[in-house]
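Chemist:
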Amino acid sequence: MLLLKNAMIYPQTESAPRPFPGDILCEEGKIAQIAPAIACDAPSLDLTGLHVLPGLIDCHTHIGFHGPDDWSSLDNITESTHPITPHMRVIHGVDPGSALFPYAVRNGVTTVGIIPGSLNVVCGIGFASKTWGSHVSDMSIRDAICMKAALGENPKGFYQNKGMAPDSRMGVTFLIAETLHNARDYLRKKETGEQIRDDKLEAMIPVLRREIPLRVHCTHNDMASVIEIVREFGVRFTIEHAWGSLNYLDEIADSGCAVVYGPIGGRRSFYESRRTDIGAVKLLDERGVNVALTTDTPIYGLDGLLHHMEEAVRQGTPVERAMRMITINPAVILGVENRAGSIETGKDANFAVFRGVPGVDMGARVTHTICEGRLAYAEQT
Amino acid sequence: MLLRNALVHTGTGETIPDCDIRIENGKIAAVGKGLEAGGGETLDLSGKQVFPGFIDAGDFAGATDMAYHAKDFNENSDPSVPHLDIWHSIDPDEITRQELYKSGVTSIAVSPGNQNVLGGTVAVVKSYGKNLNRMTVRRDAALKGSVTREVGQMFGPKAGPRTRMGMVCLLKDAIGRTDYPDDYRGRRTRQVMDSVRQGEIPLVVAAETSAEIESVLDVLAGGSVKPAFVLAYQAARAGEAIRRAGAQVVLGEFSHYSSILRHEADFGALVGLAKSGVPFSIALLSGDATICGRECYFWTAAKLAQGGADENLLLDMMCGNPARLYGVSHRVGALAPGLDADLVVFDGNPLTQVNARVVETVIDGRAVYRAGEEAESCCC
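From first to last, the protein sequence lines are chains A and B. Positions in the first sequence are counted from 1; adding 4 to them yields this note's numbering. Positions in the second sequence are counted from 1; adding 4 to them yields this note's numbering.
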């Protein structure tokens with residue numbers, strides 16, 4: 005048991021959109037009670053003057069494949085031997101010993117989506133993970149949460165020098181459409197009782213059945229391509245990265261997809277990152293799109309999740325909306341909103357405690373991280 | 005043009021409420037209360053705050069193109085090329101495309117990359133424009149060096165240097181050399197190296213670790229070279245040596261690839277070093293493979309604020325310190341009569357409030373950016 009005393013609580017719930025002062029009782033890893041003043045002889049942590057958010061969430065990471073000094077193994081996040089690998093499960097590639105997990109905790113991040121990289125057109129299956137633990141099976145909150153796919157420069161650039169498809173943007177989009185069509189044909193045959201087995205197409209069935217979203221790395225006009233391709237299948241999907249969204253606000257909103265925006269902080273570069281328009285998240289949010297922010301860690305450190313949220317505010321997003329983009333919104337994308345992303349009784353007792361209000365005060369920083377009711381990080385003073 | 009009734013942060017330690025700024029011919033003519041309007045345009049800035057345009061104290065912007073094809077910031081034929089001038093590699097369109105002015109940055113110290121022990125001289129230019137001559141504030145503003153692993157990656161497979169020992173040895177030779185051939189290259193090299201040796205321009209050396217910093221300071225000891233360290237993630241750990249040598253720190257960008265974790269960067273200690281009197285500047289410079297976007301400028305400021313830097317210290321790092329480092333404080337880095345009219349209008353104080361937004365950025369007296377003038381959505 006742990007009692008958090010005298011905190012300013014930012015619950016991220018629809019019913020309590022504004023922060024309020026109070027205590028939080030954690031019991032057996034869950035939030036047992038939230039009240040103005042809880043009388044209890046549990047060990048307590050006085051958080052007077054501090055601000056408590058749900059543990060932060062980055063739903064698009066490639067954490068756990070290497071330590072901070074071994075960038076070469078970034079290659080390990082995609083089985084880049086064939087452009088279509090929907091049967092790959094990223095949970096089989098993650099090392100719980102990665103130094104990036106404790107770094108996540110230090111920065112208030114308690115839940116991450118770990119998904120394959122984007123060298124393939126259809127890359128594989130991601131999972132939702134805690135940021136602490138010794139065994140991936142214990143860390144996993146929910147496996148098989150999504151199918152990752154990628155358009156544009158990454159698969160194109162990777163395969164075009166190997167003398168195999170795809171070699172162009174139209175080649176990439178064709179492959180993703182072809183995979184969906186083949187999977188639908190496969191599913192129909194199975195449903196008529198035909199005895200067939202194809203591991204790759206089998207892995208696509210949860211997407212077709214709307215059980216998991218297709219999460220598509222795409223930007224600029226690739227977003228328009230994806231929206232067109234998936235329309236006839238009626239699948240759930242997300243747009244990942246989403247640079248250039250300002251030009252496609254209406255199409256994105258009408259498509260019903262969610263958007264995972266970021267990372268930003270790179271130079272304006274050719275094609276995909278020539279327009280990093282994080283101001284778009286405000287307009288997408290206003291149109292009812294579920295928007296999350298991502299650092300794409302290890303591309304950017306998880307310390308940068310706060311800075312992404314700050315930059316969204318700096319470029320026009322109201323702070324209370326921006327906070328949701330690193331808490332409850334990504335929880336919904338991961339399908340773990342029953343456990344994470346907001347401060348409500350019964351949810352996992354994960355919290356990021358700040359000195360200064362994130363998104364308001366320059367220099368706001370994480371002073372404590374609480375993981376399932378346990379003080380996992382406390383700033384040294 | 006007269007800007008009226010703003011809260012003016014002069015960049016020299018003063019914050020003046022209800023203050024006016026008169027701009028004439030691209031320069032600041034006067035700063036003070038109740039200035040005469042004269043005949044020109046008047047802009048009421050009640051409720052707004054005005055800062056000197058910020059300086060990005062190190063960047064490759066403009067020395068490569070959007071496609072990252074040109075890569076004109078490293079001359080990889082020779083590890084020591086102090087005779088080269090980055091100015092000849094700058095494409096103004098590419099600078100403008102990086103949109104630094106949208107984050108309030110109005111001047112950039114364009115630097116050679118991190119692959120040469122001595123990579124050439126630094127040019128301070130404005131962040132917006134089409135004509136490089138008009139954008140230039142100062143050429144040969146510093147000599148850029150590097151002792152990071154990027155030197156070894158480039159020259160190790162060639163004739164070296166491969167190790168930090170080799171890099172520092174080469175640096176020592178270049179600093180100590182007095183005989184130059186009497187030809188164009190020799191004369192130019194002597195000119196640059198003499199101004200470095202005599203402390204007329206600083207030697208800005210890329211160094212990530214404290215060991216790299218300390219090695220460089222060791223070979224420079226006893227001379228008149230004025231060193232500054234860029235990137236400098238572990239500057240705090242080498243703080244005593246930096247303080248003793250009178251060196252400066254140009255903090256590079258921290259966000260890519262978890263640099264903080266990799267270098268165990270301690271922002272509390274970095275701010276402590278700055279408070280002890282070591283001048284700090286903020287730069288977007290990072291590893292050669294990871295040039296940073298404009299957003300990272302304020303992210304570094306936020307990290308320093310997390311470490312305890314107050315708004316005055318931050319403003320020094322963003323304006324006065326880099327202007328003095330590069331010998332351009334007579335042109336930029338403050339709001340005072342005679343200086344270039346480079347300023348940023350915010351709707352709050354961006355050094356204390358995250359939600360303070362750029363309203364307008366002015367370079368040489370001309371508004372180069374006004375918030376809201378870009379279409380929110382493309383309708384065509």
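Glycine included, C-beta positions come from ideal geometry on N, C-alpha and C. For clarity, every value in this text was computed on a predicted model and none was experimentally measured.
1. What does the Cβ neighbour count give for N78(B), buried or exposed, with the cut at 16 atoms within 10 Å?
2. Strictly by DSSP, which residues pair up with S296(B)?
3. Which of the three DSSP states, helix, strand or coil, is assigned to A379(B)?
4. So, helix, strand or coil for S277(A), using DSSP?
5. For a test of the three-state rule: what should DSSP assign to S93(B), helix, strand or coil?
6. Who are the Cβ neighbours of A379(B) in its own chain at under 7 Å, not counting the five residues just before and after it?
7. In chain B, what lies closer than 8 Å to P302(A) by C-beta?
8. Per DSSP, what are the beta-bridge partners of H260(B) in this structure?
9. Using DSSP with H/G/I as helix, E/B as strand and the rest coil, what is Q195(B)?
10. Just the C-alpha distance for G377(A) and H334(B), rounded to the nearest angstrom, thanks.
11. Is there a Cβ from chain A that is less than 7 Å from the Cβ of L265(B)?
12. Do you know whose CA, among N353(B), A178(B) and L288(B), lies nearest E315(B)'s CA?
13. For a cutoff of 7 Å on Cβ pairs, would you count A70(B) as touching chain A?
14. Select from G337(B), L318(B) and V336(B) the residue whose C-alpha is nearest the C-alpha of L308(B).
15. Strictly by DSSP, which residues pair up with C222(A)?
16. Pop quiz: L155(A) and C222(A) are said to be a contact at Cβ under 8 Å. What is the actual Cβ separation, rounded to whole angstroms?
17. If we cut at 7 Å on Cβ distances, does E315(A) have a partner in chain E?
18. Kindly give me the distance between the Cβ atoms of S122(A) and N80(A), rounded to whole angstroms, as I take these residues to be in contact under 8 Å.
19. Would you decide whether T331(A) is buried or exposed? Buried here means 16 or more other CB atoms lie within 10 Å of its CB.
20. Quick check on DSSP: helix, strand or coil for M283(A)?
21. For chain B, find out if any of its Cβ atoms is closer than 7 Å to the Cβ of V364(A); answer yes or no.
22. So, with DSSP's three-state summary, where would you put P21(B)?
23. Hey, out of E257(B), S263(B), A313(B) and T304(B), whose CA is closest to K279(B)'s CA?
24. Measure from the alpha carbon of L218(A) to the alpha carbon of each residue in R235(A), D202(A) and H224(A), then state which is nearest.
25. So the alpha helix (DSSP H) E255(A) belongs to, where does it begin and stop?
26. From this set, R93(A), I374(A) and G33(A), which residue's C-alpha is nearest M151(A)'s C-alpha?
27. Pick out whichever of Y304(A), T196(A), A257(A) and V125(A) has its Cα sitting closest to the Cα of N111(A).
28. What residues from chain A crowd round C296(B), counting only those whose CB sits closer than 9 Å?
29. Comparing the C-beta of Y107(A) with each C-beta of chain B, is any distance below 7 Å?
30. Could you tell me whether the Cβ atoms of G62(B) and V200(B) are closer together than 7 Å?
31. In chain A, which residues lie less than 8 Å from N359(B) when you measure between Cβ atoms?
32. Roughly how many angstroms separate the alpha carbons of E32(A) and N10(A), rounded to a whole number?
33. Taking 7 Å as the CB-CB limit, is T19(B) close to chain A?
34. Could you have a look at S133(A) and say whether DSSP puts it in helix, strand or coil?
35. DSSP state of L379(A), grouped into three classes?
36. P161(B) by DSSP, collapsed to three states: which one?
Modeler: Taking the geometry as given:
1. buried
2. Residue identity check: residue 296(B) is Cys in the sequence provided, not Ser. According to DSSP, C296(B) bridges with G270(A).
3. Reliability of the predicted coordinates at A379(B) is poor, the pLDDT of 47 falling under 50, and no value is obtained from them.
4. helix
5. Residue state, collapsed to three classes: helix.
6. At A379(B), the pLDDT of 47 sits below 50, so the modelled position is not reliable and the matter cannot be decided from this model.
7. Listed along chain B, the residues sitting closer than 8 Å to P302(A) by beta-carbon distance are Y261 and S262.
8. Y304(A)
9. helix
10. Whole-angstrom Cα-Cα distance: 57 Å.
11. yes
12. N353(B)
13. In the sequence as presented, Ala is not what sits at residue 70(B); that position holds Met. Yes - at least one Cβ of chain A is within 7 Å of the one on M70(B).
14. L318(B)
15. DSSP lists H245(A) as the beta-bridge partner residues of C222(A).
16. 4 Å
17. The structure shown has no chain E; the protein chains it does contain are A and B.
18. Not a contact, Cβ separation roughly 14 Å.
19. buried
20. Going by the sequence as given, residue 283(A) is Gly instead of Met. Of the three classes helix, strand and coil, the one that applies to G283(A) here is coil, per DSSP.
21. yes
22. strand
23. A313(B)
24. R235(A)
25. L253 to S259
26. R93(A)
27. Y304(A)
28. G269, G270 and R271
29. Interface residue, yes.
30. no
31. V317, R318, V323, G363 and V364
32. 21 Å
33. no
34. strand
35. Collapsing the DSSP output to three states places L379(A) in a strand.
36. Looking at P161(B) - three-state DSSP - the assignment turns out to be coil, as it is neither helix nor strand.
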